[in-house]
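K.L.:
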Amino acid sequence: MSDTFQPSVCPHDCPSVCALEVEKRPDGRLGKVRGSQRNPFTAGVICAKVARYHERFHHPERLMHPLRRKGPKGSGAFERISWDDALDEIARNLQRVSRRHGPEAVWPYWYAGTMGLVQRDGINRLTHALGYSRFKSTICVMLSDTGFKAGHRKRWGVPALEIAQHSDLVVVWGCNPVHTHVNMMTHIARARKERGAKLVVVDPYRSATAEQADLHLDLRPGTDGALACAVMHVLFREGMADRDYLARMSDVPAELEAHLESRTPEWASAITGLPVATIEEFARLYGGTKRAFLRLGYGFTRQRNGAAAMHAASCLPVVTGAWQHAGGGALYNFGELYRWDKTLIEGLDAVDPAVRVLDQSRIGPILAGDADALEGGGPVHALLIQNTNPMCVAPDLGKVHEGFAREDLFVAVHEQFMTDTARMADIVLPATMFLEHDDIYQAAAHSRIQIARKIFEPQGECRSNHEVITGLARRLGAAHPGFAMSEWELIDDLCRRSGWPDATTIFEAGGWDVVPDFATAHHLEGFPTPDGRFRFKPDWASLGPWHAKMPVLPDHLALIDEVSQQKPFRLVAAPARQFLNSTFTEMPTSQKREGRPTAFLHPEVMAQFGLAEGAAVRLGNERGSVTLHAAPREGQHRDTIVVESIWPNRHWKGGIGINLLLGADPAPPNGGAAVHDTAVWLEAVQDRDAATQAAPGLERAPA
Ligand SMILES: Nc1nc2c(c(=O)[nH]1)N[C@H]1C(S)=C(S)[C@@H](COP(=O)(O)OP(=O)(O)OC[C@H]3O[C@@H](n4cnc5c(=O)[nH]c(N)nc54)[C@H](O)[C@@H]3O)O[C@H]1N2
Ligand SMILES: Nc1nc2c(c(=O)[nH]1)N[C@H]1C(S)=C(S)[C@@H](COP(=O)(O)OP(=O)(O)OC[C@H]3O[C@@H](n4cnc5c(=O)[nH]c(N)nc54)[C@H](O)[C@@H]3O)O[C@H]1N2
Ligand code: SF4
Ligand SMILES: [Mo]
C-alpha cells in the first residue's frame with residue numbers, strides 16, 4: 062500500500078464488511094476509496110456508492126455542530142448551541158422524564174448505521190446502567206436468524222471462498238447481492254468462468270442478480286416454504302435424497318419424507334405461481350449436483366412466514382447431503398463464530414431482567430400508545446437515537462410520524478446528516494464518520510474480525526457515538542467501568558475477553574479469520590445441536606413466544622398478507638442499489654442513478670391499467686396510499702409489485718414514503734418486520750401533472 066493509502070473497514074450495514082484502502086490526500090481531504098486485497102472475500106472489489114465516499118465525507122450538508130430546535134417540531138428550524146449545552150439539555154430531559162414517569166419512559170433507540178461494535182452497541186450500556194426500556198432488535202435479522210437456528214441452532218456455514226474453487230451450482234435464495242453485497246458476485250463469477258458453475262436465483266422479481274442467472278425462479282413473495290417442500294418432495298421421489306446421510310445427521314428423516322408426500326410440485330405450483338416443470342427442473346439440478354452452494358439471504362425472510370421459510374430452505378443441503386462436499390452446503394451468516402463477550406461494551410453485567418423490552422420494529426404502535434406494544438407499561442416520553450432513521454425506514458410509518466410529532470415526547474438524535482428523524486429532534490448532535498474514530502467489526506458474509514483506526518480528525522465539532530454516550534453517562538450519574546474507557550481500550554478488552562489476540566495484533570495482521578476448519582464449516586462431525594443432528598422438526602417453543610403458529614415440519618405457512626379482491630397485489634419493498642437503507646440518499650450521484658420512486662409492474666398489468674412507462678399510479682391499503690411512477694418489468698408474477706427503496710420522505714409529495722404501507726405486527730415465532738409482505742391495491746392516477754412530477758405525491762386514506 063502506498064503512503065497516501067491507509068487501511069480501513071467499511072462500517073455500513075452490509076453483509077460484506079469490506080476491507081478498504083483510503084487515500085488521505087496531501088491537502089488533508091479524502092481521495093480515493095478502494096477495495097483491499099488483504100481480505101480475500103473483498104478481493105479488491107467494493108460497491109460504487111462507497112467508492113464515491115468522498116462525496117459523502119465532504120458533503121456540504123454534513124452536520125457540523127450541535128443544534129437545538131427553535132421552531133415547531135419537524136419545521137427544520139434549529140439554532141446552533143455548544144456541546145455542553147446540548148448534552149446538559151439532553152441529560153436534564155432524560156432525568157425529568159425518568160423522575161416523572163420512571164426510567165422505562167426513556168427508550169434509547171439505535172441500529173446499524175455503523176456496524177462497529179463499540180460505536181453501535183455502546184448505547185446499551187447506558188440503557189442497562191440507568192434502567193431505561195431495553196431494545197429488542199427485530200427489523201433486520203430476527204426472522205432469518207430464528208429460521209436458521211431452528212434447524213442448525215447456531216449460525217455459521219461454508220466460506221464463500223469455496224465457491225470459486227469447488228462449486229458447480231450456486232443457488233442465491235431470496236437475496237440480491239448485486240445490490241446488497243456485491244462481493245458475493247465476485248466469487249460466483251469466478252466459479253462460472255473457471256468451473257462453468259450454474260447460477261440459480263430465487264426471487265419474486267428479475268433483480269439485478271436474477272438478471273445474471275441461468276435459471277430464475279420468480280415465485281410469488283412469501284411462498285418459499287412451498288417451493289422448498291416441493292423440491293424436497295422431488296428429491297425423495299426421484300432418489301436424490303442421501304438417505305445414509307439423513308439417517309446419521311438429521312432428527313426425523315422418515316417423518317419428513319412421509320410429510321412431504323403431499324407437498325407435490327402441483328401443490329407448490331398453485332401457491333408459488335411457478336410452473337410444475339420449473340420446480341422439477343430446479344429440483345433435478347439441485348439434487349444432481351453434489352457441490353451445490355446455497356446462499357440463504359435475508360430478503361425472503363421479511364415475510365410473516367419468513368422464519369418458517371428460512372427453516373424450509375435450509376433443509377435442502379441436508380436432504381441431498383451437499384454439506385459433505387467442498388463447495389457444497391449453505392451460507393447464511395457467520396454470527397456465532399465470533400463468540401463475543403460484550404460485557405463491557407454493552408454493560409451486560411448491569412442488565413435488570415425486570416425492565417421491559419420494547420420491539421424496534423413496533424416504534425409506530427409504541428409511540429402511538431398501543432398497550433400491547435408497550436408491554437403493559439406506560440408511554441415512552443424520551444428517545445435517544447443513534448445510528449438509525451426510523452422516520453424513514455420503520456414499518457407502519459404513518460404511526461411513526463404521528464408519534465414523533467407528539468409534544469410530550471423529547472427526542473435527541475445523533476446523526477451525520479439532517480435525516481427525516483433528525484429533523485424531528487429537539488436536540489441534534491453531529492456524528493463522526495468511520496474514518497474519524499476507531500472501531501472493530503465482524504461480518505455476516507465472511508468470517509474476519511477487522512479493526513479500523515481513525516485516519517482523519519473529526520470535521521467541524523463532530524463527536525463519536527462513544528463520546529456522546531460517555532458524556533451523557535457522566536451527567537446522568539451512570540456507573541459502569543465501560544464509561545471510563547477509551548474506544549481502543551474497549552476494542553482491546555473485547556478481543557481478549559472473547560479469547561482472540563489483542564487489538565494491536567489483529568490490527569497489524571490486517572484482520573483475524575475465525576473460520577473453522579473444513580470439518581467444522583461443513584458440520585462433518587455433527588450440526589451444532591445438542592445431539593449433532595439437524596432439526597427438521599424444530600423446537601419452536603424455545604425460539605419465541607408465538608411458537609404455536611409455527612409448522613411442525615417444513616411447510617408453507619399461510620400467514621402472509623395474501624391478495625384479496627380489495628387488494629389484488631403483493632408489494633415487495635426491495636433495496637435500491639445506490640442507497641443502503643436510507644444512507645447514501647443524501648448523495649446527489651446516488652439520487653441521480655436511482656431516478657425517482659418507481660413501481661415495477663408486470664407488462665400485462667401495465668396494459669390492463671392502460672399505463673405507459675412513467676405513468677403515475679397509486680398503491681394503497683388500510684394504512685394509506687402513495688403515488689409513484691410505473692415501469693414495466695418482465696420476470697415477475699402478475700400480482701407482484703416491486704418498489705426499490707428507501708427514498709426519504711421529502712421525495713414523496715405528501716411527505717411520507719413507501720413504508721407507510723408496511724405493517725409492524727410481530728411475525729412469529731419471535732417478532733420481526735415483514736417489510737416485503739404487503740397486500741395493496743393499485744390504481745392509475747388520471748392527473749397528467751402527477752405523472753410528470755419528479756417527486757410524486759401521496760394522499761393518506763381516510764382513517
Ligand atoms: N445497495 C444496498 N445494499 C444493501 C442494503 C440496501 O438497502 N441497499 N441493505 C443492507 C441491509 S440492512 C441488509 S439486511 C442486506 C440485505 O440483503 P439481502 O439478503 O439481499 O436481502 P433484501 O435486501 O431484504 O432482499 C433481497 C431480495 O429478496 C427478495 N425477496 C423479497 N421477498 C421475497 C420472498 O418472499 N421470497 C424470495 N425468494 N425473495 C424475496 C427481494 O425481491 C430482493 O431482491 O443488504 C444490505 N445491503
Ligand atoms: N422499505 C423497506 N424498509 C426497510 C428495509 C427494506 O428492505 N425496505 N430494510 C430494513 C432493514 S433490513 C434495516 S437493517 C433497516 C435499517 O434502517 P436504518 O438502521 O435506519 O438504516 P439507515 O436508513 O441506513 O440509517 C442509518 C443512519 O445511521 C447514520 N450513521 C451512520 N454511521 C453513524 C455513526 O457512526 N454514528 C451515528 N450517530 N450515526 C451514524 C447514517 O447517517 C444513517 O442516517 O431498514 C429496514 N426498513
Ligand atoms: S459492498 Fe457493503 S461493505 Fe463493501 S463497500 Fe459496499 S456497503 Fe461497504
Ligand atoms: Mo438490514
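All the letters of the sequence shown, read from the start, carry residue numbers 62 to 764 under my numbering. Heads up, the beta-carbon is just placed ideally off N, CA and C, and yes, glycines get one too. In this text the structure is predicted, and so the values were computed from the model without any measurement.
What number of angstroms, rounded off, separates the C-alpha of residue 630 from the C-alpha of residue 367?
P.N.:
As a position in the sequence shown, residue 630 is number 569, starting the count at 1. As a position in the sequence shown, residue 367 is number 306, starting the count at 1. Using only the alpha carbons, I get a separation of about 19 Å.
K.L.:
Hey, which residues come within less than 6 Å of ligand 4, measuring from Cβ to any heavy atom, in chain order?
P.N.:
Here the list is 74, 201.
K.L.:
For residue 329, which option in 719, 217, 344 has the closest C-alpha, if you only look at C-alpha atoms?
P.N.:
Looking up residue 329 in the sequence shown gives position 268. Ranking the options by Cα distance to residue 329, first place goes to 344.
K.L.:
Going by the beta-carbon positions, is the gap between residue 418 and residue 407 smaller than 8 Å?
P.N.:
By one-based count along the sequence shown, residue 418 stands at place 357. By one-based count along the sequence shown, residue 407 stands at place 346. Going by C-beta atoms, residue 418 is not nearer than 8 Å to residue 407.
K.L.:
Between the Cα of residue 75 and those of 352, 177, 146, 689, spot the shortest distance and give me the residue it belongs to.
P.N.:
Here residue 75 refers to the residue found at position 14 of the sequence shown. Of 352, 177, 146, 689, the residue nearest in Cα terms is 177.
K.L.:
Looking at the secondary structure, which residues open and close the beta strand (DSSP E) in which residue 119 lies?
P.N.:
Locating residue 119 in the sequence shown gives position 58, counting from the first residue. Looking at the DSSP string, residue 119 is not in any beta strand (DSSP E), and its letter there is neither H nor E.
K.L.:
Throw me the rounded Cβ distance for the residue 443 and residue 158 pair, which I believe falls under 8 Å.
P.N.:
Along the sequence shown, one-based indexing puts residue 443 at 382. Along the sequence shown, one-based indexing puts residue 158 at 97. Going by Cβ atoms, the distance from residue 443 to residue 158 rounds to 4 Å, so yes, they are a contact pair.
K.L.:
Could you compute how far the alpha carbon of residue 147 sits from the alpha carbon of residue 574?
P.N.:
Walking along the sequence shown from the start, residue 147 turns up at place 86. Walking along the sequence shown from the start, residue 574 turns up at place 513. Roughly 41 Å between the two C-alpha positions.
K.L.:
On the three-state DSSP scale, how would you describe residue 474?
P.N.:
Here residue 474 refers to the residue found at position 413 when the sequence shown is read from its first residue. Correct three-state label for residue 474: strand.
K.L.:
Using the Cα positions of residue 620 and residue 683, report the straight-line distance between them to the nearest angstrom.
P.N.:
Along the sequence shown, one-based indexing puts residue 620 at 559. Along the sequence shown, one-based indexing puts residue 683 at 622. If you take the alpha carbons of residue 620 and residue 683, they lie about 18 Å apart.
K.L.:
Thinking just about the alpha-carbon of each residue, which of 266, 172, 507 is nearest to the one in residue 663?
P.N.:
Stepping through the sequence shown from its first residue, residue 663 is reached at position 602. The residue with the shortest Cα to Cα distance from residue 663 is 266.
K.L.:
Less than 7 Å between C-beta atoms, sequence neighbours within five positions excluded: which residues of the same chain meet that for residue 197?
P.N.:
Numbered from 1 along the sequence shown, position 136 holds the residue referred to as residue 197. Result list for residue 197: 418, 419, 420, 421, 732, in chain order.
K.L.:
Is residue 531 near ligand 6, with its Cβ less than 7 Å from a heavy atom?
P.N.:
Ligand 6 is not among the ligands present in this structure, which contains only ligand 1, ligand 2, ligand 3 and ligand 4.
K.L.:
Whose C-beta lies closer than 7 Å to the C-beta of residue 556 among residues of the same chain, with five residues either side of it excluded?
P.N.:
Walking along the sequence shown from the start, residue 556 turns up at place 495. Correct list, in chain order: 562, 563, 564, 567.
K.L.:
So, with DSSP's three-state summary, where would you put residue 597?
P.N.:
Indexing the sequence shown from 1 puts residue 597 at position 536. The answer is coil: DSSP assigns residue 597 none of H, G, I, E or B.
K.L.:
Ligand 3 heavy atoms versus the CB of residue 239: any closer than 7 Å?
P.N.:
In the sequence shown, counting from the first residue as 1, residue 239 sits at position 178. Outside the cutoff, so no.
K.L.:
Is the beta carbon of residue 174 within less than 7 Å of some heavy atom of ligand 2?
P.N.:
Position 113 of the sequence shown, counting from 1, holds the residue named residue 174. Residue 174 Cβ: within cutoff of ligand 2.
K.L.:
Using a 10 Å radius around the Cβ and a threshold of 16 neighbouring Cβ atoms, would you call residue 65 buried or exposed?
P.N.:
Sequence index remark: in the sequence shown, residue 65 carries index 4 (1-based). Flag for residue 65 reads exposed.
K.L.:
Answer yes or no: the CB of residue 548 versus the heavy atoms of ligand 2, is any distance below 7 Å?
P.N.:
Counting from 1 along the sequence shown, the entry for residue 548 is found at position 487. No - ligand 2 has no heavy atom lying nearer than 7 Å to the Cβ of residue 548.
K.L.:
Cα separation between residue 411 and residue 125?
P.N.:
As a working note, residue 411 is residue 350 in the sequence shown. As a working note, residue 125 is residue 64 in the sequence shown. Going from the Cα of residue 411 to the Cα of residue 125 covers about 34 Å.
K.L.:
May I have a chain-ordered list of the alpha helix (DSSP H) segments no shorter than 4 residues that lie completely inside the stretch 398-460?
P.N.:
Taking only runs of at least 4 residues, the alpha helix (DSSP H) segments lying wholly in the stretch 398-460 are 404-407, 424-428, 451-454.
K.L.:
Ends of the alpha helix (DSSP H) at residue 623?
P.N.:
Locating residue 623 in the sequence shown gives position 562, counting from the first residue. Neither: residue 623 is in no alpha helix (DSSP H) and is coded neither H nor E.
K.L.:
Starting from the C-beta of residue 321, find all residues in its chain whose C-beta is less than 7 Å away, skip the five residues before and the five after it, and write them out in chain order.
P.N.:
On the sequence shown, position 260 is the one that residue 321 refers to. So the list reads 290, 293, 294, 297, once near-sequence residues are dropped.
K.L.:
Indicate whether the contact test is met: 3 or more Cβ pairs, each with one atom in the stretch 500-512 and one in the stretch 204-223, closer than 8 Å.
P.N.:
The answer is yes - the stretch 204-223 touches the stretch 500-512, with three or more Cβ pairs under 8 Å.
K.L.:
Could you tell me whether any non-hydrogen atom of ligand 2 is closer than 7 Å to the CB of residue 154?
P.N.:
Taking the sequence shown and counting its residues from 1, one reaches residue 154 at position 93. Residue 154 Cβ: outside cutoff for every heavy atom of ligand 2.
K.L.:
What are the residues that DSSP puts in a beta bridge with residue 502?
P.N.:
Counting from 1 along the sequence shown, the entry for residue 502 is found at position 441. For residue 502, which the question treats as bridged, DSSP gives the partners 511.
K.L.:
Where does residue 185 fall in DSSP's three states?
P.N.:
Start at 1 with the first residue of the sequence shown, and residue 185 comes out as number 124. Note: residue 185 maps to helix in three-state DSSP.
K.L.:
From what residue to what residue does the alpha helix (DSSP H) around residue 685 run?
P.N.:
The residue you call residue 685 lines up with position 624 of the sequence shown. Looking at the DSSP string, residue 685 is not in any alpha helix (DSSP H); the run it does join, the beta strand (DSSP E), is 685-693.
K.L.:
Hey, how far is the Cα of residue 543 from the Cα of residue 558?
P.N.:
As a working mapping, residue 543 is identified with position 482 in the sequence shown. As a working mapping, residue 558 is identified with position 497 in the sequence shown. Distance between the alpha carbons of residue 543 and residue 558: 14 Å.
K.L.:
With a CB to CB cut of under 6 Å and the five nearest residues on each side skipped, what residues in its chain are close to residue 77?
P.N.:
As a working mapping, residue 77 is identified with position 16 in the sequence shown. Closer than 6 Å at Cβ, skipping near neighbours: 242, 244, 506.
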